[in-house]
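Just below is one structure, and these are the notes that go with it.
Numbering (the numbering used here), first residue to last: 28 to 206.
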């Protein structure tokens, strides 16, 4: 239980710090576009993450499975790389600053949405690390549905930016060389 509480606490703290940074970054870019649908989806996205963290904390029933804990740990450098690459352009809402310079370096040299790949792994790995396969499947399905809508909306805004189409037209969305 102690390990589960520590892991869930660290993930929760990380998400809260990211939300705080997201608010700061949005405040730094007052001219920002966010689709109405994306704005409505954001509370649902937060609910999925909250459900995974709280569900794992409350209902996890097995000792930690090393493979899934390592998977959770292994994607953290990619998350940091994404946040470092985007700097104050990153936000949790999928909002796009109108004057944003397109990121073509870091993980964006390979895929359009590396952070969403990290999130998919996290939403599966955290519950699977503590024996909650059904929660991992439900969270993965909910995340896939929400991201299918959000990515379409976000890319409609991103394709308006100079250079986005030229750089990302041939880049996969989530996995290098695959998808």
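The beta carbon of each residue, even a glycine, is placed where N, CA and C say it ideally should be.
Residue i Cβ short of 7 Å to the ligand FMN heavy atom set
| i | result |
| --- | --- |
| residue 152 | With respect to the ligand FMN, the structure offers nothing, as it holds no ligand at all. |
Counted within 10 angstroms of its Cβ, other Cβ atoms place residue i as buried (16 or more) or exposed
| i | result |
| --- | --- |
| residue 95 | buried |
| residue 120 | buried |
| residue 76 | buried |
| residue 183 | exposed |
| residue 168 | exposed |
| residue 197 | exposed |
| residue 33 | exposed |
| residue 88 | exposed |
| residue 179 | exposed |
| residue 157 | buried |
Residue interval of the alpha helix (DSSP H) (run including residue i)
| i | result |
| --- | --- |
| residue 95 | 93-101 |
| residue 48 | 29-55 |
| residue 181 | 160-185 |
| residue 139 | It is not in any alpha helix (DSSP H) - residue 139 carries neither H nor E in the DSSP assignment. |
| residue 82 | 63-86 |
| residue 195 | 191-195 |
For residue i, the nearest candidate out of the options (CA to CA)
| i | options | result |
| --- | --- | --- |
| residue 55 | 88, 81 and 115 | 115 |
| residue 64 | 57, 39 and 122 | 122 |
| residue 91 | 194, 159, 175 and 172 | 159 |
| residue 125 | 60, 194, 35 and 195 | 60 |
| residue 74 | 165, 195, 190 and 181 | 165 |
| residue 162 | 86, 66 and 38 | 86 |
| residue 42 | 194, 142 and 193 | 142 |
| residue 176 | 39, 193, 30 and 66 | 66 |
Integer-rounded CB distance, given that residue j should sit under 8 Å from residue i
| i | j | result |
| --- | --- | --- |
| residue 118 | residue 170 | That pair is no contact at about 18 Å. |
| residue 71 | residue 173 | 6 Å |
| residue 188 | residue 129 | 5 Å |
| residue 35 | residue 68 | With a Cβ gap of about 24 Å, residue 35 and residue 68 do not count as contacting. |
Touch test, the stretch 97-112 against the stretch 125-134, Cβ-Cβ under 8 Å, three pairs minimum
yes
With three or more beta-carbon pairs closer than 8 Å as the criterion, would you say the stretch 140-159 touches the stretch 45-55?
no
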